[in-house]
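2 protein chains.
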Amino acid sequence: MTITQQFDSSHFAFVAQLCDLARQTALTYFHSPLEVDHKSPEQPVTIADRSIERAMRERIEAAFPGDGIFGEEYGKTASQTGRTWVLDPIDGTKAFITGMPTFACLIALYQEGEGVVLSAIEMPGLGERWLAAKGQGSYWFKPGLAPERCQVRKAASLAESLITSTTIDMFHGDDLRAYQALCSHLVGRRFGGDAYGYGLLASGFFDFVIEADLQPYDYLAPSLVIAEAGGLMTDWQGGALGLGGDGRVLAAGSAERHADALSKLASDHAK
Amino acid sequence: MTITQQFDSSHFAFVAQLCDLARQTALTYFHSPLEVDHKSPEQPVTIADRSIERAMRERIEAAFPGDGIFGEEYGKTASQTGRTWVLDPIDGTKAFITGMPTFACLIALYQEGEGVVLSAIEMPGLGERWLAAKGQGSYWFKPGLAPERCQVRKAASLAESLITSTTIDMFHGDDLRAYQALCSHLVGRRFGGDAYGYGLLASGFFDFVIEADLQPYDYLAPSLVIAEAGGLMTDWQGGALGLGGDGRVLAAGSAERHADALSKLASDHAK
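Top line first, the protein sequences correspond to chains A and B. Residues 1 to 271 (the working numbering) make up the first sequence, in order. Residues 272 to 542 (the working numbering) make up the second sequence, in order.
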C-alpha cells in the first residue's frame, strides 16, 4: 500500500491497519455457520460485528487516547481531542449472514469543525478497499493491482442516470413515494450494493446512491470517499452530513444531477 | 480441482475448462471502461458477453462435434447427439457493467430424455464456482479452499424463510402481486444476488430464490446445482424446467416449503 506514503498523517496508516484487522476477523466468520442475535427484527448482529468493533476500539484507545469513538455495537465514548472515530464493524450484516460479499467495515475520522478527514470502505469479502483523505483524493485498492485514484462520472441528464440502493425496503411512506418518483426519471435502478455501491459511485460506475434509515456510522465514511472523488453526498434537503441527521442520504457524481434529484425528491415529498 | 477426478465424464473436466476460459475473458473487461450495446432497453450486451460465448462455442464444436448449442448471444445450433450445451456467457450483464461482482457465466449440459446432467455457476469476479453432476452432488469451489459439497438448509416454516431475487423490477402485474403476497409470509427478502443467489441457496444461506422473465440459459445451470444439493427448482406451477417455459422460477431448499410457497403464489394469481 505505497499510496499511504503520500499522506503525512500517522492516522492514515492507522486506518489501513484497522481495515486489515477488520478483514482478518470478518473472514474468520464469513461463509461459516454463525449464531445471529437480533437487536430488533431489522437489526441482526453476530459475534463478528462485536469482535471487530471491540478490537478496533482497543487499538484506537491505545494509539490515540482521548479520541472519541462512536461505534454501531458499543455506542459513544466522548472525545477530549476534537477527534471522533466513527465505526461500523460490519455494514450490511444481512449481507454478511446470507453469504453476500457486499458487506463492509466502515471507518471515518471526524474532526470537530472540519467534518470527516479520513475514511475507509473496507470490503473483506472482496479483498478490496477504498481509502480517502480530505484534500488528497480517494483511492480504490484491489488485489494485485496498483491503487486507482477514484473519479466520479458526470451524467448529462437524469434520463441517463443510474441509481443504486441496498434495498427498496429501506423506504417507507412518503420516502418510498419520493424515491419511486425520482426513479421514474432515471434510466435504471439496482439493488443489493450495500456499502460497495458508494465505492462504485466514487469509481464512476453509478450516478446516484440513495438510502434511508441510516446512521452516521453508515454514511460518514462513504461521504468522504465520494467527495474526494469529485462527487457529493448530503441529506435529502441538500444539508451537510454530520454526527446527527435524519438518516436519509443522496450521493451523486455531479452537482447538477444532485440538484435535479433533490428537486424531484422535494416535489414528491411536498405532495 | 481434484474433485473433478471423482467424475468419469470427460465432459466434466471440459465444463471446468469452459469456466476457466470465461473467467479469464470476463476479468479482462470487468471494472474497465466498456461500450454497452442494447438488444432492447432491458438487455444490455458487451464485447465480453460476445467474446466469451464465441470462445465457448469454438471449444465445444471442436471437442464435441454434433452437440447442440443454445447460447444467449448467438442462439441455437441443432443437436445431432441428443446433447445440448446451454450457455449464458455473462448472466447479470447489468451487474457486470456497473462493477458488481455478482455476474456469472452459466453452463448447462442438457441431455434429451434426462434433462440437465452437468452444470456450472462460474463467478469470475469472486473467484468462486459451483459445479454439479447429476447423481453426484454439487460442489462449491473457493480460492485456496478444498471444494465443499453443497447441502441446502431446510426451513421449519415459511415464517422462518428468507428469499432472494435479483431485483423487484423483474416482477410485473399479477406476478408482482403474487411475489409480494408470498413475501408477506416470510421473515425477509433480499435483492441483488444475480446467479450468486442460486449458489448461496444450494450452500444453505437462503431458503428461496424466486425470479421471472428468465430464459433457459438463466435457470438450467442453477437448477442442477440446487437439485444436487438437496433442493428443488421448478416453474411457478411446480412444473419441471426444460428448454421451454414461461421464465418464472422458484427454487427452494425444502420440498415442503416449496409446496407452501407455490400455494401462496397460486392463491394470489387466482385473485
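Ideal placement from N, C-alpha and C gives every residue a C-beta, glycine not left out.
- Item | Close beta carbons around residue 447 of chain B, own chain, < 8 Å, minus the five adjacent residues each side | Residue 447 of chain B sits at position 176 when you count from the first residue of the second sequence. Correct list, in chain order: 439.
- Task: Write down the C-beta distance between residue 119 of chain A and residue 126 of chain A rounded to the nearest angstrom, noting that I regard them as a contact closer than 8 Å.
- Result: Translated into the one-based positions of the first sequence, residue 119 of chain A becomes position 119. Translated into the one-based positions of the first sequence, residue 126 of chain A becomes position 126. Their Cβ separation, rounded to whole angstroms, is 18 Å, which puts residue 119 of chain A and residue 126 of chain A out of contact at 8 Å.
- Task: Identify, in the order they occur along the chain, each residue of the same chain with its Cβ nearer than 6 Å to the Cβ of residue 327 of chain B, setting aside the five sequence neighbours on each side.
- Result: In the second sequence, the residue the question calls residue 327 of chain B occupies position 56. Correct list, in chain order: 289, 358.
- Message: Assuming the contact rule is C-beta atoms closer than 8 Å, residue 234 of chain A and residue 250 of chain A should be a hit. Round their C-beta distance to whole Å, please.
- Response: Along the first sequence, read from residue 1 onward, the residue named residue 234 of chain A stands at position 234. Along the first sequence, read from residue 1 onward, the residue named residue 250 of chain A stands at position 250. That belief holds up - the Cβ atoms of residue 234 of chain A and residue 250 of chain A are roughly 6 Å apart, short of 8 Å.
- Task: Would you mind stating whether residue 463 of chain B and residue 93 of chain A have Cβ atoms separated by less than 9 Å?
- Result: The residue you call residue 463 of chain B lines up with position 192 of the second sequence. The residue you call residue 93 of chain A lines up with position 93 of the first sequence. No; because the gap between Cβ atoms is not below 9 Å, this pair is not in contact.
- Item | Straight-line gap, residue 317 of chain B to residue 310 of chain B (C-alpha atoms, nearest Å) | Taking the first residue of the second sequence as position 1, residue 317 of chain B is located at position 46. Taking the first residue of the second sequence as position 1, residue 310 of chain B is located at position 39. Cα-Cα distance, rounded: 10 Å.
- Contact set between residue 369 of chain B and chain A, taken where Cβ atoms lie within less than 8 Å: Taking the first residue of the second sequence as position 1, residue 369 of chain B is located at position 98. Correct list: 162, 164, 190, 200, 205, 206.
- Message: Using 8 Å for Cβ pairs, my map puts residue 478 of chain B next to residue 424 of chain B. What's the rounded Cβ distance?
- Response: Indexing the second sequence from 1 puts residue 478 of chain B at position 207. Indexing the second sequence from 1 puts residue 424 of chain B at position 153. Their Cβ separation, rounded to whole angstroms, is 7 Å, which keeps residue 478 of chain B and residue 424 of chain B in contact under 8 Å.
- Task: Decide if residue 500 of chain B is buried, meaning its Cβ has at least 16 other Cβ atoms within 10 Å, or exposed.
- Result: Start at 1 with the first residue of the second sequence, and residue 500 of chain B comes out as number 229. The residue in question, residue 500 of chain B, is buried, as its Cβ has 16 or more Cβ neighbours within 10 Å.
- In the DSSP assignment, what residue or residues form a beta bridge with residue 77 of chain A? Translated into positions along the first sequence, residue 77 of chain A becomes position 77. In the DSSP assignment, residue 77 of chain A is bridged to A/69.
- Query: When every heavy atom of the ligand SAM is checked, does at least one fall within less than 8 Å of the C-beta of residue 421 of chain B?
  - Reply: Inclusion of the ligand SAM in the displayed structure is not the case, the ligand content being empty and no account of it being possible.
- Message: Taking the alpha carbon of residue 384 of chain B as the reference point, which residue from B/320, B/529, B/352 has its own alpha carbon closest?
- Response: Counting from 1 along the second sequence, the entry for residue 384 of chain B is found at position 113. Nearest to residue 384 of chain B by C-alpha distance, out of B/320, B/529, B/352, is B/352.
- Message: Give me the subset of the stretch 86–115 of chain A whose CB atoms are less than 9 Å from a CB atom of chain B, sorted by chain position.
- Response: Among the residues of the stretch 86–115 of chain A, those with a Cβ less than 9 Å away from any Cβ of chain B are 94, 95, 97, 98, 99, 100, 101, 102, in the order of the chain.
- Would you mind giving the Cβ-Cβ distance between residue 60 of chain A and residue 69 of chain A, rounded to the nearest angstrom? I have them listed as a contact below 8 Å. Indexing the first sequence from 1 puts residue 60 of chain A at position 60. Indexing the first sequence from 1 puts residue 69 of chain A at position 69. Yes, residue 60 of chain A and residue 69 of chain A are in contact; Cβ-Cβ is about 6 Å, under 8 Å.
- residue 126 of chain A at chain B interface by Cβ criterion, 9 Å: Taking the first residue of the first sequence as 1, we reach residue 126 of chain A at position 126. Taking Cβ atoms only, chain B reaches closer than 9 Å to residue 126 of chain A, which makes this a yes.
- Message: Any beta carbon from chain A within less than 9 Å of residue 274 of chain B's own beta carbon?
- Response: In the second sequence, residue 274 of chain B corresponds to position 3, counting from 1. The predicted position of residue 274 of chain B is uncertain, since its pLDDT is 45 and thus under 50; a value taken from the coordinates is nonetheless stated next. For residue 274 of chain B, no CB of chain A lies under 9 Å from its own CB, so it is not counted at the interface with that chain.
- Task: Could you tell me how far apart the beta carbons of residue 181 of chain A and residue 264 of chain A are, in whole angstroms, since I believe they sit closer than 8 Å?
- Result: Start at 1 with the first residue of the first sequence, and residue 181 of chain A comes out as number 181. Start at 1 with the first residue of the first sequence, and residue 264 of chain A comes out as number 264. The pair is a contact, with the Cβ atoms about 6 Å apart (cut-off 8 Å).
- Query: Which of helix, strand or coil does DSSP assign to residue 291 of chain B?
  - Reply: Along the second sequence, one-based indexing puts residue 291 of chain B at 20. If DSSP states are grouped into helix, strand and coil, residue 291 of chain B belongs with the helices.
- Which chain B residues are close to residue 193 of chain A, counting only those with a beta carbon under 9 Å from its beta carbon? Within the first sequence, residue 193 of chain A is the residue found at index 193, counting from 1. By Cβ distance, chain B contributes 369, 371, 463.
- Item | Residues within the stretch 168–192 of chain A neighbouring chain B, beta-carbon criterion of under 9 Å | Under the 9 Å Cβ criterion, the stretch 168–192 of chain A contributes 168, 169, 187, 188, 189, 190, 191, 192.
- Provide the residue span of the alpha helix (DSSP H) that contains residue 47 of chain A, from first to last. Mapped onto the first sequence, residue 47 of chain A falls at position 47. Where residue 47 of chain A is concerned, the enclosing alpha helix (DSSP H) stretches over 47–63.
- Who are the Cβ neighbours of residue 300 of chain B in its own chain at under 6 Å, not counting the five residues just before and after it? Reading the second sequence from its first residue, position 29 is the one you call residue 300 of chain B. Sequence-distant partners of residue 300 of chain B (beyond 5 residues in either direction) whose C-beta falls short of 6 Å from its own C-beta, in its chain, are 319.
- Item | Three-way DSSP call (helix, strand, coil) for residue 276 of chain B in this model | Position 5 of the second sequence, counting from 1, holds the residue named residue 276 of chain B. Note that residue 276 of chain B scores a pLDDT of 42, beneath 50, so its modelled location is shaky; the value from the coordinates is reported in the next line. In this structure, residue 276 of chain B counts as helix in the three-state DSSP scheme.
- Task: Please specify which runs of the beta strand (DSSP E), each continuous and at least 3 residues long, are wholly inside the stretch 422–488 of chain B, giving them in chain order.
- Result: For the stretch 422–488 of chain B, whole beta strand (DSSP E) runs of length 3 or above, ordered along the chain, are 433–436, 459–462, 479–482.
- Query: Cα separation between residue 62 of chain A and residue 457 of chain B?
  - Reply: Numbered from 1 along the first sequence, position 62 holds the residue referred to as residue 62 of chain A. Numbered from 1 along the second sequence, position 186 holds the residue referred to as residue 457 of chain B. Residue 62 of chain A and residue 457 of chain B have their C-alpha atoms roughly 45 Å apart.
- Step through the CB atoms of chain B and report whether any lies within less than 9 Å of the CB of residue 142 of chain A. Taking the first residue of the first sequence as position 1, residue 142 of chain A is located at position 142. With 9 Å as the cut-off, residue 142 of chain A counts as an interface residue toward chain B.
- Query: Going straight from the alpha carbon of residue 237 of chain A to that of residue 266 of chain A, what length do you get?
  - Reply: Position 237 of the first sequence, counted from the first residue, corresponds to residue 237 of chain A. Position 266 of the first sequence, counted from the first residue, corresponds to residue 266 of chain A. For residue 237 of chain A and residue 266 of chain A, the distance between alpha carbons rounds to 8 Å.
- Among A/188, A/133, A/140, A/150, which has the Cα closest to the Cα of residue 160 of chain A? Residue numbering aside, residue 160 of chain A sits at position 160 when the first sequence is read from its first letter. Selected option, being the one with the closest Cα: A/188.
- Message: Does any residue of chain B have a CB that is nearer than 9 Å to the CB of residue 139 of chain A?
- Response: The residue labelled residue 139 of chain A in the question sits at position 139 within the first sequence. At a cut-off of 9 Å between C-beta atoms, residue 139 of chain A does not count as an interface residue with respect to chain B.
- Message: For residue 196 of chain A, would you say it is in contact with chain B, using Cβ-to-Cβ distances shorter than 9 Å as the test?
- Response: Taking the first sequence and counting its residues from 1, the one referred to as residue 196 of chain A is at position 196. It does: the Cβ of residue 196 of chain A has a partner Cβ on chain B nearer than 9 Å.
- Pick helix, strand or coil for residue 276 of chain A, following the three-state DSSP scheme. Lying outside 1 to 271, the shown extent of chain A, residue 276 of chain A is not represented and no answer is given.
- Message: Under DSSP, the alpha helix (DSSP H) around residue 93 of chain A begins and ends at which residues?
- Response: Here residue 93 of chain A refers to the residue found at position 93 when the first sequence is read from its first residue. Counting along the chain, the alpha helix (DSSP H) containing residue 93 of chain A begins and ends at 93–97.
- Task: Under the assumption that residue 395 of chain B contacts residue 297 of chain B (Cβ atoms under 8 Å), give the Cβ distance between them as a whole number of angstroms.
- Result: Mapped onto the second sequence, residue 395 of chain B falls at position 124. Mapped onto the second sequence, residue 297 of chain B falls at position 26. Taking a contact as a CB-CB distance under 8 Å, the pair residue 395 of chain B and residue 297 of chain B counts as one, their CB atoms being some 4 Å apart.
- Item | residue 12 of chain A versus residue 116 of chain A - alpha carbon distance | As a first step, residue 12 of chain A must be located in the first sequence, where it is residue number 12. As a first step, residue 116 of chain A must be located in the first sequence, where it is residue number 116. In this structure, the straight-line span from the alpha carbon of residue 12 of chain A to that of residue 116 of chain A is close to 13 Å.
- Message: Helix, strand or coil for residue 315 of chain B? Go by DSSP, reduced to three states.
- Response: What you label residue 315 of chain B is simply residue 44 of the second sequence in a count that begins at 1. Looking at residue 315 of chain B - three-state DSSP - the assignment turns out to be strand.
- Task: Use the C-beta contact count for residue 231 of chain A: other C-beta atoms within 10 angstroms, 16 or more gives buried, fewer gives exposed.
- Result: To locate residue 231 of chain A, count along the first sequence from 1; it is residue 231. Buried.
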